Structure formats: structure tokens, C-alpha cells
Amino acid sequence: MKEIKHFINGEYVVSESGRVFDDVSPVTGEKIATVHEGGQTEIDRAAAAARKALDGDWGYMPVAERMALLHKVADGINERFEEFLAAECEDTGKPRSMASHIDIPRGAANFKTFADLVKNVPTESFHMDTPDASGALNYAIRRPKGVVGVISPWNLPLLLMTWKVGPALACGNTVVVKPSEETPQTTALLGEVMNDAGIPKGVYNVVHGFGPDSAGAYLTAHKEVDALTFTGETRTGTAIMKAAADGIRDVSFELGGKNPAIIFADADLDKAVEGTMRSAFANCGQVCFGTERVYVERPVYEAFVRRLKEGAEGLKMGPSQDPDVNFGPLISQEHRDKVVGYYRLAEKEGATVVTGGGVPGMPDEYAGGAWVQPTIWTGLADDARVVREEIFGPCCHIRPFDSEDEVVRLANDTEYGLAATVWTQDLSRANRVVRRLEAGLLWVNSWFLRDLRTPFGGMKMSGIGREGGVHGLEFYSELSNVCIKL
Ligand code: NAD
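Residues in the sequence shown are numbered from 1 upward in steps of one, following full-length UniProt numbering.
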């Protein structure tokens with residue numbers, strides 16, 4: 001049985017308390033690893049190691065040298081691609097076809113992209129006139145924020161963790177990472193890559209565990225942690241923000257969503273159906289900017305519902321390694337209970353179940369897995385809980401609309417503001433509509449098309465701040481102004 005340890009100050013260590021928990025396969029329900037659960041002691045050690053590295057080799061390393069090391073980290077992930085891929089698929093149950101195209105390559109790319117970016121981004125300078133005519137010169141300097149606490153979720157474990165660790169290290173910070181208890185493997189494995197690349201001890205630390213009364217809460221409360229970056233549920237973000245208030249520490253949050261897709265009658269229907277198939281069902285619906293509300297202009301409503309149903313019923317469910325599989329399980333039985341709870345609620349709220357709505361029968365060897373059917377509903381009221389609350393499962397509600405104003409109002413009628421997708425061949429209309437949509441990520445005739453140089457983040461209850469490109473530098477570095485009187 002595999003044993004997953006903490007990675008502190010460049011070494012794999014077990015918990016002082018001896019506490020462990022199980023890492024369970026979502027595909028079979030069987031235990032795949034024993035994971036050490038960190039407590040206050042491990043967080044103290046990790047934070048102290050991170051502080052020491054910040055004040056030592058890493059903090060004072062020339063930028064070019066630091067960037068070269070981060071390139072080596074990316075290369076190291078790619079060299080061990082198969083190992084990362086196997087670990088990620090084992091923890092999440094997602095199809096290899098997805099993890100090999102998205103999770104692992106993008107996980108590696110995050111280190112190169114941010115290293116190159118930091119090397120090339122200038123800061124501002126202003127010459128200022130003064131009464132004595134000699135003038136003054138202002139220029140800005142960036143410095144690392146310090147020790148950054150990184151708390152990451154389970155849906156895209158390596159990708160979303162490195163999306164934060166990449167820019168944090170590129171800006172010269174050190175990190176203590178608390179990966180999701182559901183998916184500890186790739187974050188732990190990255191420690192070996194860091195050592196092999198020559199990243200100094202203490203720059204990258206990992207402590208496993210849960211949230212409340214465990215490693216997550218101890219990390220967010222720790223005095224040595226200067227800033228907290230978190231991806232996960234809005235409710236967890238609220239708890240972390242309260243912890244961050246002590247010591248006035250900065251936060252960057254990527255939180256939940258209830259994202260709309262809008263399909264106008266003039267859209268290329270093939271592409272709109274294919275795109276919505278992915279946005280609703282990819283990763284078993286466990287993508288933060290996935291679509292759970294679909295609004296279709298009335299002339300194409302019936303055709304769209306029929307075609308999405310056909311698509312959903314054509315998905316092939318099964319284990320990661322099967323090359324034909326494009327639909328895996330949910331992350332855990334606990335999450336399945338939540339999703340199936342919404343499936344029951346939809347019926348109570350009066351939904352028409354177009355397809356799915358339950359738990360599929362699986363062969364014996366997978367019967368213990370967290371499988372659910374891809375599900376489509378119609379006929380719910382706009383105030384139904386199923387239409388308003390984030391489910392984070394492979395399901396969507398489809399509703400017809402008749403005008404641009406109506407659909408903009410419906411799409412914005414949510415406390416969230418993460419992503420929205422618009423399908424139309426009329427680019428003037430697309431531009432008009434997206435400018436009125438309250439979301440941080442706006443896609444036209446596409447979904448999950450991401451250029452890492454662009455801003456990423458949500459409005460309203462979907463987050464605080466923007467990461468990606470130069471925008472991440474606002475969070476991962478401190479900007480100071482120097483004013484020299486000439
Ligand atoms: P979660 O909030 O349950 O857990 C995320 C992480 O927070 C885990 O590591 C967990 O252990 C930790 N945690 C939980 N309680 C904590 C506490 N009190 N203090 C400190 N840490 C704590 O989220 P999840 O279930 O892992 O992920 C799914 C959620 O993440 C969904 O809501 C989804 O929309 C959101 N998400 C958002 C984005 C985005 O970019 N906006 C991306 C992916 C996922």
C-alpha cells in the first residue's frame with residue numbers, strides 16, 4: 001500500500017501525531033493509499049522552513065537563476081509524465097484522455113509560463129517636476145509577498161495547485177501547500193521533482209490533511225503565512241477570509257459558480273451542442289466554470305434539447321485507463337450523495353428529467369465507485385434551488401428564452417459570477433451580450449479555451465482578485481514606489 005507523506009524542508013516526513021487517513025479510489029471505492037494527516041506541528045515546521053528559505057537562498061537568488069530552476073521543474077514533470085498521469089487518474093478517476101491533455105501538461109506549463117512572464121514584465125517609472133526645477137524620479141519595485149499558503153481542491157489537482165505555486169515561486173515567494181484530502185498524490189510527487197530540479201529546501205512544502213481542525217485551518221491561522229491563495233467552495237472561502245483577517249493578510253480566491261451558457265438561434269448548432277456537452281459533462285461536471293444553466297433561444301430549443309440528450313446518452317462511462325472512456329466517476333461517495341440529493345430535489349421541484357437522474361448499474365469491480373448518470377432537466381422555475389445552487393456534478397437545466405434582454409437578466413440572476421458562454425454567429429451581438437454578463441470569464445463560441453497570459457477569476461461570490469498573466473503579480477508580489485529627489 002502506498003504511503004503519502006508530507007514534504008517539509010525538502011524531505012518526506014510523517015506526522016508527529018501518527019494520524020493517517022485513507023485515500024480512496026473513486027472508481028472502485030477501494031483504498032489506494034495511506035495519507036499522513038498534518039497538525040499544528042507540521043504546519044509550524046513547514047512555515048518555519050518556508051520563512052528560512054525566503055530569507056536565504058531563494059529570496060536572494062538572481063531572477064534568471066530562479067527562472068531557470070522553474071523551467072527545470074516543468075521539464076521534470078514532463079519527464080515523469082506517466083507517473084503524474086497515473087497518480088492523478090488514480091486519485092480522481094478521470095479519463096486518461098482528459099488528464100493527459102489537460103491536467104498534466106498544463107500543470108507543467110504553469111511553471112514555464114509564469115517564469116517567462118516575471119522575467120519580462122517591466123514596472124512603471126515617472127519623472128516628476130519639482131519647484132526647485134531639479135525634479136524627482138519615481139520607479140516601482142516588486143518584491144515577494146513572503147510565505148504564501150496555498151489551499152487547493154480536488155477537481156484538477158495538479159493543474160490548479162501549480163496555477164498558484166507557479167506564479168508564487170516565480171515572484172520569489174515560498175509556499176506551504178495543503179492539497180485536497182481527496183487528491184494528495186501529485187502534490188506530494190512534485191516534491192521529488194523540486195528536489196531533482198535543485199529548488200532550495202523549504203521553498204516548496206506540502207502538508208496533507210483536512211480543513212477544519214486540521215492542516216487547512218492551522219495553515220490559514222498561522223502567523224508566518226503572509227498571504228493565502230485558495231480555490232474551492234465559496235463557503236470555505238468565507239472561513240478562510242475570516243482567518244486571514246487576523247493579521248490583515250491578503251487573499252486570492254477562486255470560488256464556486258453556477259455558470260450560464262446562452263445559445264442563440266443563429267449559433268452553429270453542431271458547435272454549440274459539442275461545446276455544451278463538454279462544459280456540462282467534462283470531468284463528470286466537476287469543473288468550476290462548467291455549465292449548469294443552459295438558456296436556448298426558442299426557435300432552436302427543441303432541437304438543442306434533443307441533441308444534448310443524444311450526446312449525454314452517448315457518453316462512455318468507465319475506468320480511466322480505457323481509451324474509449326470519456327466519462328469518469330465523481331470524486332467520492334460523499335460528493336455523490338450531494339449530487340444525487342440534487343437529482344432527487346429536481347424531481348421534487350417539478351423538473352422534467354430529459355435523461356439520467358440516477359446512479360448507473362456498473363460491473364461488480366466498479367460497483368463501489370462514485371458513479372452518477374449525466375443528467376439533463378427542463379421545466380424548472382427560475383427560483384428552483386437546482387437552478388440556483390452549485391451542484392458540481394454532470395447535470396444542467398435547459399430553459400428557452402425569447403429576447404436578449406430576457407436572457408441577460410436570467411443569466412445574471414445568481415449570486416455567483418465566475419464564467420459564461422455565448423453561442424452565436426453574430427459577433428456584434430456576442431460583444432453586446434458579454435459586456436452585460438456579470439462573470440469574470442466570458443467565452444464566445446468556445447469553452448475552457450485558456451491563454452495563460454489572460455486574467456482568470458470570478459465576480460460576486462465566485463472570487464476575489466485575478467490570477468493569470470501579469471494580473472497574478474498583483475497578488476504574488478508587493479509593489480513599492482521609490483521616489484528619488486534629483
Ligand atoms: P472545498 O472548499 O471543500 O475544499 C478545497 C480545499 O479547502 C481542500 O483542500 C480542503 O481541505 C480545504 N478546506 C476546507 N475547509 C477548510 C477550512 N475551514 N480552512 C482551510 N482549508 C479548508 O472545495 P472542493 O470540494 O475541494 O472543490 C470544489 C469547489 O471548488 C467547487 O465549489 C468549485 O466550484 C470550486 N472551484 C473553483 C475554481 C475556480 O477557479 N473558481 C476551480 C476549481 C474548483
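The beta-carbon is built from N, C-alpha and C at its ideal position, and this holds for glycine as well.
All figures in this text were calculated on a predicted structure; none of them were measured in a lab.
Report the rounded CA-to-CA distance for A268 versus F289, giving the unit in angstroms. At residue 268 the sequence reads Asp, which differs from the Ala that was named. Rounded to the nearest whole angstrom, the CA to CA distance from D268 to F289 is 22 Å.
Which one or two residues does DSSP pair with residue 487 in a beta bridge? Because the chain in this structure spans residues 1 to 486, residue 487 falls outside the shown range and cannot be described.
Our contact map puts A411 next to W377 with C-beta atoms below 8 Å; I'd like the distance itself, whole angstroms only. Contact check for A411 and W377: beta-carbon distance about 17 Å, past the 8 Å limit, so the pair fails to qualify.
Where do the ends of the beta strand (DSSP E) carrying F7 lie? Secondary structure note for F7: its beta strand (DSSP E) is the uninterrupted segment 6-8.
Sequence-distant residues of its chain with Cβ nearer than 7 Å to G237 (five each side left out): For G237, same chain residues with a beta-carbon under 7 Å away, outside a window of 5 residues either side, are F230, F253, L255 in chain order.
I8 vs R45 beta-carbon contact at 8 Å: Cβ atoms of I8 and R45: closer than 8 Å.
Among residues of its own chain, excluding the 5 on either side of E297, which ones have a beta-carbon nearer than 7 Å to its beta-carbon? Correct list, in chain order: I263, F264, A265, F401.
Comparing the CB of P260 with every heavy atom of ligand 1, is any distance shorter than 7 Å? Every heavy atom of ligand 1 is 7 Å or more from the Cβ of P260, so no.
Report the rounded CA-to-CA distance for G29 versus Y366, giving the unit in angstroms. So the two alpha carbons sit approximately 8 Å from each other.
How many Å lie between V63 and L169 at the Cα? Cα to Cα, the separation comes out at about 11 Å.
Indicate, with yes or no, if ligand 1 has a heavy atom lying under 7 Å from the CB of R288. Contrary to the premise, residue 288 reads as Cys rather than Arg in this sequence. Correct: C288 has its Cβ closer than 7 Å to ligand 1.
Strictly by DSSP, which residues pair up with L228? Residue pairing of L228 in beta bridges, as defined by DSSP: G149, V251.
Cutting at 8 Å between CB atoms, please list the residues of its own chain near D413, excluding the five before and the five after it. So the list reads D382, once near-sequence residues are dropped.
Is W371 close to ligand 1? I mean its beta-carbon at under 7 Å from any heavy atom of the ligand. No, ligand 1 has no heavy atom inside 7 Å of this Cβ.
Got a sec, what are the start and stop residues for the alpha helix (DSSP H) P167 sits in? Taken as a continuous stretch (DSSP letters only), the alpha helix (DSSP H) holding P167 covers 157-170.
Go ahead and label S403 buried or exposed: buried means 16 or more other beta carbons lie within 10 angstroms of its beta carbon, across all protein chains shown. Classification for S403: exposed.
Proximity test, G211 beta-carbon vs ligand 1 heavy atom, cut-off 7 Å: Yes, the beta carbon of G211 sits closer than 7 Å to at least one heavy atom of ligand 1.
Residue span of the beta strand (DSSP E) that contains C483, given as start and end: Note, C483: beta strand (DSSP E), 477-485.
R249 beta carbon less than 8 Å from that of L219: Contact flag unset, no.
What does a CB cutoff of less than 7 Å around F392 pick up in its chain, not counting 5 residues either side in sequence? Excluding sequence positions up to five before and after F392, its CB lies within less than 7 Å of the CB of G285, Q286, all in the same chain and listed in chain order.
Would you say the beta carbon of A217 is closer than 7 Å to some non-hydrogen atom of ligand 1? It does: the Cβ of A217 is within 7 Å (strictly closer) of some heavy atom of ligand 1.
According to the Cβ coordinates, are W443 and A272 closer than 8 Å? No, the Cβ-Cβ distance between W443 and A272 is not below 8 Å.
For G216, which residues in the same chain have their Cβ closer than 7 Å to its Cβ, ignoring the five residues on either side in sequence? Answer for G216: I151, K178, G209, F210, listed in chain order.
Secondary structure at R143, three-state DSSP: helix, strand or coil? Correct three-state label for R143: strand.
At a cut-off of 7 Å, is K94 close to ligand 1 when judged by its beta-carbon and the heavy atoms of the ligand? Because no heavy atom of ligand 1 lies under 7 Å away, the Cβ of K94 does not count as near it: no.
With distance defined between alpha-carbon atoms, name the residue in S100, A133, P167 nearest to L452. Ranking S100, A133, P167 by CA distance to the CA of L452 puts P167 first.
Backbone CA spacing between residue 492 and F114 [nearest angstrom]: No answer is possible for residue 492: it lies beyond the span of the chain, which begins at 1 and ends at 486.
Exposure of T454, with buried meaning 16 or more beta-carbon neighbours within 10 Å: Exposed, by the Cβ-count rule.
Could you give the residue range of the alpha helix (DSSP H) that holds T220? For T220, the enclosing alpha helix (DSSP H) begins and ends at 215-221.
Beta-carbon separation of A197 and V73 under 8 Å? Closer than 8 Å, so yes.
State whether the region 130-138 contacts the region 89-104, with contact taken as three or more CB pairs (one from each stretch) at a distance under 8 Å. These segments do not touch.
Going by beta carbon distance, what residues of the same chain come within less than 7 Å of A370, once the five residues before and after it are set aside? Correct list, in chain order: P26, P329, L330, I331, S332, Q333, H335, R336.
Verify the contact flag: N155, CB atom, against every heavy atom of ligand 1, threshold strictly below 7 Å. Proximity of the beta carbon of N155 to ligand 1 is indicated: a heavy atom of the ligand is located closer than 7 Å.
Let me know the secondary structure DSSP gives G463 once reduced to three states. G463 falls in the strand class under three-state DSSP.
Beta strand (DSSP E) runs wholly inside the region 62-129, at least 3 long, in chain order: The beta strand (DSSP E) runs of length 3 or more contained entirely in the region 62-129 are, from start to end of the chain, 125-128.
Can you tell me which of P363, N326, R143 puts its alpha carbon nearest to the alpha carbon of M61? Taking each of P363, N326, R143 in turn and checking the Cα distance to M61, the smallest one comes out for R143.
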